[in-house]
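Each remark here refers to the structure printed beneath this line.
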Amino acid sequence: MRQILVIAAGLAVVLAASACSTPAPPRSDAPPVTPTGPATLPAPTGDRPVGTTVLYLTDTSRPDPWNLDIDARELKVTLWYPTEQRDGQRALYMTPKESELLLKGSGIASAPYDTLSKTRTNAVQDAAPAGRKLPLVVLSPGFTKPMSTLTSLAEDLASRGYVVAGIDHTYESYATTLSDGRVAECLACDSDTDPGFGTGTVQGRVADVSFVLDQLPSKWDGSRVIDRSRIAMAGQSIGGAAAPAAMVKDPRIRAGIDMDGTTYARIPKTGFSKPFLFMGTEQHLPGGRDNSWDRDWKLLTGWKRWLVLTGAEHQSFTDSPLMADALAVKPLPATLPAARGAELTRTYVAAFLDQHLKSQRQSLLEKPSSRYPEVKFCPETCGRS
Amino acid sequence: MTVNTTAAAVLALFLAAACTAPTPPRTQASTVGATACAHPQGPLGTETATTIDVIEQAYFCILGNYYSGPTLDPRTLLTAGFLALTQELDRDGRDVPDATMPALTGDRKADWAAFATAYRKITDQVPDLRDKLAVATLEAIVAALSDNHARWTHDDARPLDYYDGDGYGLGLQANVSSSQTDGSSPRVALAPLFVTTVLGGAARAAGLHPGDVIEAVNGSAPFVDGKVTPAIAALYPTYPEARPVELRLLRQTTGRRWTVTLKPGLYQRDLAALQVVRSKLLNDDVAYVRMTGFAPDSANRVLKAITRLRTGRTLAGVMLDLRGNGGGSPVEVARLVSAFVHGKVTAYQCTVDGRCAKSSTDDTVELLNLPLVVLVDHGCASACEHFSSAVKDLRIGRLVGTRTAGVISGPAQSYLLANNTVLSFPARHHLGPDREVIDRIGVPPDHYVPLTPQDAAAGRDPALAEALTLLHK
Numbered sequence: 001m002r003q004i005l006v007i008a009a010g011l012a013v014v015l016a017a018s019a020c021s022t023p024a025p026p027r028s029d030a031p032p033v034t035p036t037g038p039a040t041l042p043a044p045t046g047d048r049p050v051g052t053t054v055l056y057l058t059d060t061s062r063p064d065p066w067n068l069d070i071d072a073r074e075l076k077v078t079l080w081y082p083t084e085q086r087d088g089q090r091a092l093y094m095t096p097k098e099s100e101l102l103l104k105g106s107g108i109a110s111a112p113y114d115t116l117s118k119t120r121t122n123a124v125q126d127a128a129p130a131g132r133k134l135p136l137v138v139l140s141p142g143f144t145k146p147m148s149t150l151t152s153l154a155e156d157l158a159s160r161g162y163v164v165a166g167i168d169h170t171y172e173s174y175a176t177t178l179s180d181g182r183v184a185e186c187l188a189c190d191s192d193t194d195p196g197f198g199t200g201t202v203q204g205r206v207a208d209v210s211f212v213l214d215q216l217p218s219k220w221d222g223s224r225v226i227d228r229s230r231i232a233m234a235g236q237s238i239g240g241a242a243a244p245a246a247m248v249k250d251p252r253i254r255a256g257i258d259m260d261g262t263t264y265a266r267i268p269k270t271g272f273s274k275p276f277l278f279m280g281t282e283q284h285l286p287g288g289r290d291n292s293w294d295r296d297w298k299l300l301t302g303w304k305r306w307l308v309l310t311g312a313e314h315q316s317f318t319d320s321p322l323m324a325d326a327l328a329v330k331p332l333p334a335t336l337p338a339a340r341g342a343e344l345t346r347t348y349v350a351a352f353l354d355q356h357l358k359s360q361r362q363s364l365l366e367k368p369s370s371r372y373p374e375v376k377f378c379p380e381t382c383g384r385s
Numbered sequence: 001m002t003v004n005t006t007a008a009a010v011l012a013l014f015l016a017a018a019c020t021a022p023t024p025p026r027t028q029a030s031t032v033g034a035t036a037c038a039h040p041q042g043p044l045g046t047e048t049a050t051t052i053d054v055i056e057q058a059y060f061c062i063l064g065n066y067y068s069g070p071t072l073d074p075r076t077l078l079t080a081g082f083l084a085l086t087q088e089l090d091r092d093g094r095d096v097p098d099a100t101m102p103a104l105t106g107d108r109k110a111d112w113a114a115f116a117t118a119y120r121k122i123t124d125q126v127p128d129l130r131d132k133l134a135v136a137t138l139e140a141i142v143a144a145l146s147d148n149h150a151r152w153t154h155d156d157a158r159p160l161d162y163y164d165g166d167g168y169g170l171g172l173q174a175n176v177s178s179s180q181t182d183g184s185s186p187r188v189a190l191a192p193l194f195v196t197t198v199l200g201g202a203a204r205a206a207g208l209h210p211g212d213v214i215e216a217v218n219g220s221a222p223f224v225d226g227k228v229t230p231a232i233a234a235l236y237p238t239y240p241e242a243r244p245v246e247l248r249l250l251r252q253t254t255g256r257r258w259t260v261t262l263k264p265g266l267y268q269r270d271l272a273a274l275q276v277v278r279s280k281l282l283n284d285d286v287a288y289v290r291m292t293g294f295a296p297d298s299a300n301r302v303l304k305a306i307t308r309l310r311t312g313r314t315l316a317g318v319m320l321d322l323r324g325n326g327g328g329s330p331v332e333v334a335r336l337v338s339a340f341v342h343g344k345v346t347a348y349q350c351t352v353d354g355r356c357a358k359s360s361t362d363d364t365v366e367l368l369n370l371p372l373v374v375l376v377d378h379g380c381a382s383a384c385e386h387f388s389s390a391v392k393d394l395r396i397g398r399l400v401g402t403r404t405a406g407v408i409s410g411p412a413q414s415y416l417l418a419n420n421t422v423l424s425f426p427a428r429h430h431l432g433p434d435r436e437v438i439d440r441i442g443v444p445p446d447h448y449v450p451l452t453p454q455d456a457a458a459g460r461d462p463a464l465a466e467a468l469t470l471l472h473k
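Protein chains in written order, with full-length UniProt numbering: chain A, 1 to 385; chain B, 1 to 473.
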């Protein structure tokens, strides 16, 4: 759990493993690697330039679930969106302090602690949003991970004409800089082995998402470009688990994507018909140790897909593998190359959203593709390897 | 549900111990099979069938790494395994004429070869029973260690409609725990049998209350001549056991007698109640902290909670409620003890030839300098008993309640077997700060305060009341 680049696993398994004091990733027999210098995020594939800005929202209707001394829930929301402004200051990936806390929390000491803050991004800081009636995608990161770890996906979606609202779930990440400059650390990490932890955390994230959807129109000037009738949610790991949970609770969310997250929310026994995409590693093949997707699959009655990416690891859906060289961390053997993981993630997430929010039928989602042979369609045609 | 709770707690303990305990002393272990098994790394793969090769791996893993491995007579393991094999054949009405025990000499390798030859010959005649026989054999080999921290975790399927936090069973907890019924805890069970907690599920739906006396389980008396009977085990079914359980109940407050049939199943539990560490202020001057396991970071959570409750007031003391605490990491125990005393040994972990490693306080932990009372009961097991014995022997607080479980042979370490199942057992055995055996004996309370059905029915907690009185003396 405290690894950024390592460990392919569903959350349940990772939680169990976190009982350990972070075993070193299996790279002892590798030759020593030196950091290559800061990473550059892959260029967005859409045709629009991308802008980004940060919004701080405070929900005074509920106490913080983790910090008992704070009687409100403070959230940092990062927005990515199409803009017409091609030039300007590129956004900071994360602050040097956030980089340090994330690397220390993840047990990575093979590169200077501020390394991640030097990552080159593609979005212009505080550029004016452009467009109208754009669909909105809420993004939720994995446990202990700042929202920044999904930047590659967020920038790509924005370049394709989506507004992306990424939520840092305060105290569930190693580092979140709040509006007054305080850096919230991972208080939730103290209790991550408690029974019911996943269920409780997801419930909290659902409340975070609904609050952000409530507030966005009035708290962000740029929200006029959003078509509020077209909202989806995607996330990685426990952020992915939050997607079906939020959809069940909040009718504004029309479609959802879970990237390799063990799920926790109760889908009504009568079934749930909104479009849903499970996209995971081989840990999430049907009939595996974590049976949460098998359980939910039966209850999803609408459009649904269950994709398993051969060679993917838990972080393949995030920016983390893209940082491996900069951090001098050797990737796990026999895993997808970082760039390929990012490409597959961007491609299939966008295809799903294009189909369900833009009503553009995607042949990619109908059957396996020779261009993307890593992607298996489950449960019918993806036997355990 | 206790069965599941206990199992989960014990599993957590194994996981924690697997990571925090030092590498097993392989060099002084037997040269045979010292590398038969390794600690699990990362997520477990999909479980496959148990085969004779897996049993072989487990056999050499035990001999190479178990506490008494260096001196263990391999015949005790193989005889137990063979007996279970023949019993399983009988159970299926398929006894095999030449299923006789091969002659063994005490030589580990040669005895294994003889055993394996006989085993293959027998199981080849009943190929459809092969998996079942292998499981029965390996379970018996592990059981032959008679060690409450030796366990083979396999076939741990969970119901498909399980959600994180759910319980499985009848939805009740009684004053006699499942570990008292299956023999893993030697604590004496006292009549009458009564409900202590209604957790949910069938028990809640049937309207059971704490204090309800259970006069019969599936028509059998829970006690005969004051001794506990196996009937009580039916109170704690584990998945996939789903046979309904009939209880005859007496509610003493009204004199009502009635019978209910409870069907085991999944039930939702209160998420807040599942938190391993919970705290509140009692009487405006006592920091009460309930801790259900020594999970990773739990000692820090307890200390943070006390600091928070202490802010802006003078505390009379700390009340640590460890009733039902199933154990966990010895590192967390040492940290928590260290908030009350420095420079002491909290326990010894000893090899079979009496060489002991010390667990010491972590003197970087700031002392609280507060009086301490600890609530204990027969559910306080393993790391919880490490803590309780340290509190008692080092005189840093008083224990209130009933004697602890006596389930603390030594910190277990986990080993991965070839079919993706996990074998766990200790490499060292545990002794208290005075080098006394805690295992099976348990830790006696300084103030004996048992719970009666009348207390449970009235919602009274006499142990807590006694602890409060002690802190205010």
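Just so it is clear, CB atoms sit at the ideal spot from N, CA and C, and this is done for glycine as well.
Measuring only the C-alpha atoms, how far is residue i from residue j?
i             : j        : result
Ala241/A      : Leu271/B : 17 Å
residue 397/A : Val202/A : The first residue shown for chain A is 1 and the last is 385, placing residue 397/A beyond what the model contains.
Met1/B        : Thr197/B : Reliability fails at Met1/B, whose pLDDT of 31 lies under 50, so the model's placement of it is uncertain and the value that follows must be treated cautiously. Rounded to the nearest angstrom, the two C-alpha atoms are 11 Å apart.
Leu368/B      : Leu303/B : 9 Å
Asp285/B      : Trp66/A  : 24 Å
His447/B      : Leu332/A : 55 Å
Val142/B      : Val96/B  : 24 Å
Thr115/A      : Cys186/A : 20 Å
Gly166/A      : Ile231/A : 13 Å
Thr22/A       : Gln41/B  : Low confidence applies here, because Thr22/A scores a pLDDT of 35, under 50, leaving its location unreliable; read the following figure in that light. Distance between the alpha carbons of Thr22/A and Gln41/B: 11 Å.
Asp182/B      : Leu83/B  : 20 Å
So which residues of chain A does residue i contact, with C-beta pairs closer than 9 Å?
i        : result
Asp297/B : Cys189, Asp190, Ser191, Asp192 and Thr193
Leu320/B : Residues of chain A passing the Cβ test: none, with the nearest at roughly 17 Å.
How close, in whole Å, do the beta carbons of residue i and residue j come, if the pair is a contact with beta carbons under 8 Å?
i        : j        : result
Val407/B : Ser179/B : 7 Å
Val260/B : Leu249/B : 7 Å
Thr51/B  : Leu85/B  : Actually they are not in contact, since the Cβ atoms of Thr51/B and Leu85/B sit about 14 Å apart, beyond 8 Å.
Ala326/A : Pro38/A  : 5 Å
Gly51/A  : Ala128/A : 7 Å
Val209/A : Ala246/A : 5 Å
List, in chain order, every chain A residue whose beta-carbon is nearer than 8 Å to that of residue i.
i        : result
Arg335/B : None at all; the shortest Cβ gap to chain A is about 13 Å.
Asn300/B : Asp190
Gln252/B : In chain order: nothing, as chain A lies at least about 33 Å away.
Hey, out of the options, whose CA is closest to residue i's CA?
i             : options                                   : result
Ala103/B      : Ala113/B, Arg94/B and Asp95/B             : Ala113/B
Ala273/B      : Ala242/B, Gln57/B, Gly293/B and Asn300/B  : Gly293/B
Lys121/B      : Val135/B, Thr100/B and Ser388/B           : Thr100/B
residue 522/B : Ala465/B, Ala295/B and Cys350/B           : Residue numbering for chain B in the displayed model covers 1 to 473; residue 522/B lies beyond these limits and cannot be assessed.
Gly171/B      : Ala110/B, Arg290/B, Thr351/B and Gln268/B : Gln268/B
Pro141/A      : Leu299/A, Ile238/A and Asp290/A           : Ile238/A
Ser409/B      : Asp166/B, Lys392/B and His386/B           : His386/B
Val422/B      : Asp147/B, Thr153/B, Leu77/B and Tyr168/B  : Thr153/B
Asp258/A      : Leu139/A, Leu216/A, Gly287/A and Glu366/A : Leu139/A
Ser177/B      : Asp164/B, Tyr168/B, Asp161/B and Val195/B : Val195/B
Arg151/B      : Pro453/B, Leu416/B and Thr452/B           : Leu416/B
Run down chain A in chain order and give the residues with a C-beta less than 7 Å from the C-beta of residue i.
i        : result
Tyr163/B : Thr199, Tyr264 and Arg266
For a contact meaning CB atoms closer than 7 Å, what does residue i contact in chain B?
i        : result
Glu295/A : Before going on, a small fix: residue 295/A reads as Arg here, not Glu. Those are Leu160 and Asp161, listed as they occur along chain B.
Gln283/A : Pro43
Arg289/A : Leu44 and Thr46
Run through chain B and tell me which residues come within less than 8 Å of residue i, C-beta to C-beta.
i       : result
Leu68/A : Arg308
> At which residue ranges does the segment 277-350 of chain A contain complete alpha helix (DSSP H) runs of 4 or more residues, listed in the order of the chain?
Replying inline: For the segment 277-350 of chain A, whole alpha helix (DSSP H) runs of length 4 or above, ordered along the chain, are 292-299 and 324-327.
>> If we require 4 or more residues per run, which alpha helix (DSSP H) segments fall completely within the segment 298-367 of chain B?
In response: Runs found: 298-310 and 330-337.
>> Which complete alpha helix (DSSP H) runs does the segment 54-130 of chain A hold, if anything under 4 residues is left out?
In response: 96-105
>> List, from N- to C-terminal side, the alpha helix (DSSP H) runs of 4 residues or more that fit wholly inside the segment 105-189 of chain B.
In response: 108-123, 130-143 and 178-181
>> At 4 residues or longer, what runs of the alpha helix (DSSP H) sit wholly inside the segment 203-241 of chain B?
In response: None, since the segment 203-241 of chain B contains no complete alpha helix (DSSP H) of that length.
> What runs of the beta strand (DSSP E), each 3 residues or longer, lie entirely inside the segment 386-448 of chain B?
Replying inline: Here the runs fully enclosed are 398-401, 412-416, 422-426 and 429-431.
> If you scan the segment 199-252 of chain A from start to end, which runs of the beta strand (DSSP E) of 3 or more residues do you find wholly inside it?
Replying inline: List check, beta strand (DSSP E) in window: 226-236.
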